[in-house]
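Trainee: Let me give you the structure first, and then I'll get to my questions.
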Amino acid sequence: MSTEITTAAFEKFLGQIPEITIALDSQGVTSWCNSHATERLGLLVGVPIETVLDPGSLNKLASSLFKVREGSDLVTELVFVVENRPVLCSVHIFRYDNAIIVMAREDDDDESRFEQLSALLAEFANLQRETSKQQSELQQHGYLLTALSRELETERRRLVSLIDQLPEGIVIVNDTSGEIQMTNLRIQELWNLAKAPECIEELPIWSTDFEPVSSTDLPLYRSMESRVDEGPDDYIIQFENLDAKPIFVQVTASPVLDELQEVVGSAMSIVDVTEHVQLQDSLERQALLDPLTGLGNRRSFADNVEHAIGDSKSRNAALTILYIDLDGFKAINDNLGHDTGDMAIIEAGARIRSSVRDTDAIARIGGDEFAVLLYPTTDLGQVEQVVRRILDALNEPMEVAGQAIRLPGSVGVSVLDGDEAITTSEAIRRADIAMYEAKAAGTSRWAYFHDSHRPDGRAPRSLIEEIRHALDTEQFEMLYRPVVDLRIGNVREVEIAMFWRSATEGLLDDHEIRSRAWRAGVLHEIAEHAAELGERDRPLMLEAIGNRTGIVLSRHYWIEYLRENRVIDQLAQIARDVRGTPISVWIELSGRILPDDDSTLSRLIRLYEEGIQFSIAEFGGYEGDTGLLRHLPVEAIVASTDLVNSALTDRRAHTLLRSVVATAQVFDLPAKAPGIRTAEELRMIRDLGFDFGSGPLFSRPLTAGELLDFSIDHVFDLDKRTAY
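Mapping to this note's numbering: the sequence shown position 653 is 1126, numbers consecutive.
In structure tokens, the structure reads:
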């Protein structure tokens, strides 16, 4: 019952009327009754009204109570047991505030009696409400203040309970002294504290190098000293809990203001981001490893060379780069299968690793190519000894998958003095060029890079001539391949890539084109030619796609290509061509953007402003740069094709693929798997949680003309897909 019905005035009023009067709660139990009900019926508070009714009236009472609860007052007749005898009573049942009132009379001589009582009750209620209103306005009645105090306390406890249930840790400091006004349970869990801290110094916050943070550097003090309009202070810090376990937390500190907008304290929200930071750190480490051999990859090797070049200048020390290519690997891969080829690569990497010092950096650059950094180099005689050890180790027969094979190598050597001004890419390319000279001389040979290699082209003339001949004879072409939604089987995207249709080697993809163009120093010409092909095919491509809702045009670009103005202009034009249509344009980025490469970043921002969206290609592979997640508004993550094709037999590759999906989920981005060749790979990719996929299983690369004949509306049966 409400407090209104239990007031002494109301009880006194009901006690003075001759009717039997009973107040019922929602369960039909007596919550109050007057003396007539007690004396004549023997009814007490807490006793159900059914105990004083004749059994024949129970159903009628239940029906009446139901109607009253629905909002209808009614007058009826019920048989009560009065002094152990049944007595037919006229009954008025109605709602009053939160209770149901039952009034019973043994005679019905005065038919208007109930109406009079109802009017009196209404008048009483109005009078009581008016009195309560006056008492509230004057704040003179003690019980109102008590009720308000209890309500405030209830709300305070509710707020504390809600704060305790938050997954974030909350700390509220009431002034600059550091005294804590409120914390929640999550704070104790984060630091494994036995009790709530009383001052901020009891929270063992540490910096990233595990040195204690001074009080003035704590985010709560920074927030209190900052201007209000500067917004909250938000960053990640590291600390140890009582178990000496390192934890990373994201701290957001905001000033607490009084009614005069003066800073009187600080509120900190602390979120445990350890798992996210460790995942990012794991991805960064994995991004520096070759998933097949466990050695470093091209990116990590470039980082090592860059560091060595900088260090060599201060120490005036020399460094040596060895570029190693395995002779005859393609024949082994083609004749004995990719699995055998992979095992041969693993064995070759292990032999190279055992031939150099533990302090020397070794990496698989790609395919059947490896590189070694010897730093510092003090004696060329020692360099030659290392080269001979590598060649001898590779020349030894190896047994792979029951097959006895030999996989000799060719080594290019580039020695750099500490005072030589050179870029990292040029330093590696010199060793690569020397390797080609060694390869041209025969099997198991090595050669130094020397000045005769760079009269103009800086690469073996045969490679430059081969690429330029391919350009002149139009061996390069743009091809198109559908990307499938792995949840429902429809075509979601058309990916575009440049291929080289070589008369001697067949169809070479853009990875191989870029690798050879980089060696020959003609990346600029290749990028220009790709732009020309894109301009030529654009009308046919747009005609093939039409205005289908939700179709994405995606093109894979190496960062180097985007340094060409013509490429940027062409992409901007495509974005303008599809503006106002349901088509969206994406570019998949490979390679690295250096922190000070403002020119490339500004070009990408221009494309973003034109409406082009970005995804990271080769994620988890050699050229996938996780740093792009920080520098660009990335909309998707594309796994490395090499990972997709290796994951069924390579545990490391499979783990990396899982990490790709996990990263996509952390950033709430879709994940795409390219290069799917078999139904087994498709099942694995779908089980891992990838959203989209492409590859030979769905379609071979199509020309622009063939794309016109391809049904973009086609839906693939993913459960029965076996081959294109």
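Beta carbons are placed, not taken as given, at the ideal position from N, Cα and C, and that holds for glycine.
Is residue 572 near residue 497, with beta carbons less than 8 Å apart?
Mentor: yes
Trainee: Identify, in the order they occur along the chain, each residue of the same chain with its Cβ nearer than 6 Å to the Cβ of residue 841, setting aside the five sequence neighbours on each side.
Mentor: 799 and 802
Trainee: In three-state terms, what does DSSP make of residue 798?
Mentor: Judged by DSSP in its simplified three-state form, residue 798 adopts strand.
Trainee: Indicate whether residue 553 and residue 526 have their beta-carbon atoms separated by less than 8 Å.
Mentor: yes
Trainee: Does the Cβ-Cβ distance between residue 729 and residue 653 come in under 8 Å?
Mentor: No.
Trainee: Leaving out five residues on either side along the sequence, give the residues of the same chain with a beta carbon under 7 Å from the beta carbon of residue 794.
Mentor: 778, 844, 846, 887, 900, 901 and 904
Trainee: Quick one, are the C-beta atoms of residue 1121 and residue 1153 less than 8 Å apart?
Mentor: yes
Trainee: Compute the Euclidean distance between the alpha carbons of residue 1128 and residue 623, then round it to the nearest angstrom.
Mentor: Cα atoms of residue 1128 and residue 623: separation of roughly 57 Å, rounded to the nearest angstrom.
Trainee: Spell out the partners DSSP gives residue 655 in its beta bridges.
Mentor: 645
Trainee: Beta carbon of residue 1006, beta carbon of residue 966: below 8 Å?
Mentor: The answer is no: Cβ separation not under 8 Å.
Trainee: Grouping DSSP H, G and I as helix and E and B as strand, with all else coil, what is residue 977?
Mentor: If DSSP states are grouped into helix, strand and coil, residue 977 belongs with coil.
Trainee: In the DSSP assignment, find the beta strand (DSSP E) that holds residue 1087 and state where it starts and stops.
Mentor: 1086 to 1092
Trainee: Is the separation between the beta-carbon of residue 1037 and that of residue 997 shorter than 8 Å?
Mentor: Going by C-beta atoms, residue 1037 is nearer than 8 Å to residue 997.
Trainee: Quick check on residue 1149: does DSSP put it in helix, strand or coil?
Mentor: Residue 1149 falls in the coil class under three-state DSSP.
Trainee: Can you tell me which of the three DSSP states residue 777 falls into?
Mentor: helix
Trainee: Can you name the start and end residues of the beta strand (DSSP E) that residue 949 belongs to?
Mentor: 949 to 958
Trainee: State yes or no: is the C-beta of residue 1112 within less than 8 Å of the C-beta of residue 1088?
Mentor: no
Trainee: So, do the stretch 824 to 833 and the stretch 740 to 760 have three or more beta carbon pairs nearer to each other than 8 Å?
Mentor: no
Trainee: Would you report the Cα separation of residue 975 and residue 1145, rounded to the nearest angstrom?
Mentor: 29 Å
Trainee: Over what stretch of residues does the beta strand (DSSP E) that includes residue 848 continue unbroken?
Mentor: 842 to 850
Trainee: Find the nearest neighbour of residue 1104 within the set 1091, 1076, 491 and 1115, judged by alpha-carbon distance.
Mentor: 1076
Trainee: Following the continuous alpha helix (DSSP H) through residue 726, name the residue where it begins and the one where it ends.
Mentor: From DSSP, residue 726 is part of no alpha helix (DSSP H) but of the beta strand (DSSP E) over 719 to 730.
Trainee: Quick one: complete beta strand (DSSP E) runs, 3+ long, within the stretch 814 to 843?
Mentor: 834 to 839
Trainee: Smallest Cα separation from residue 724: which of 642, 786, 735 and 875?
Mentor: 642
Trainee: Per DSSP, what are the beta-bridge partners of residue 558 in this structure?
Mentor: Answer by DSSP bridge pairing, in chain order: 555.
Trainee: Count the other C-beta atoms from every protein chain shown that fall within 10 angstroms of the C-beta of residue 983, then say buried if there are 16 or more, exposed otherwise.
Mentor: When all chains shown are included, residue 983 counts as buried.
Trainee: Is residue 603 helix, strand or coil when you go by DSSP?
Mentor: Residue 603 carries a helical assignment under DSSP once its states are collapsed to helix, strand and coil.
Trainee: Taking all protein chains shown into account, decide if residue 1043 is buried (16 or more other Cβ within 10 angstroms of its Cβ) or exposed.
Mentor: buried
Trainee: State the DSSP-derived secondary structure class of residue 1188, mapped to helix, strand or coil.
Mentor: strand
Trainee: Could you tell me the alpha carbon to alpha carbon distance between residue 765 and residue 1125, rounded to whole angstroms?
Mentor: When rounded, the distance between both Cα atoms is 7 Å.
Trainee: With distances taken between CB atoms, is the gap from residue 862 to residue 940 smaller than 8 Å?
Mentor: no
Trainee: To the nearest whole angstrom, what separates the beta carbons of residue 1167 and residue 954, a pair I think is in contact under 8 Å?
Mentor: 6 Å
Trainee: Spatial neighbours of residue 1181 within its chain, please: C-beta separation below 7 Å, excluding the five flanking residues on both sides.
Mentor: Close CB contacts of residue 1181 within its chain, under the 7 Å cut and outside five residues either way in sequence, are with 1013, 1016 and 1017 (chain order).
Trainee: So what's residue 1076 in DSSP terms, helix, strand or just coil?
Mentor: helix
Trainee: Return helix, strand or coil for residue 521, following the three-state DSSP convention.
Mentor: strand
Trainee: With a Cβ-Cβ cutoff of 8 Å, do residue 1171 and residue 1189 count as a contact?
Mentor: yes
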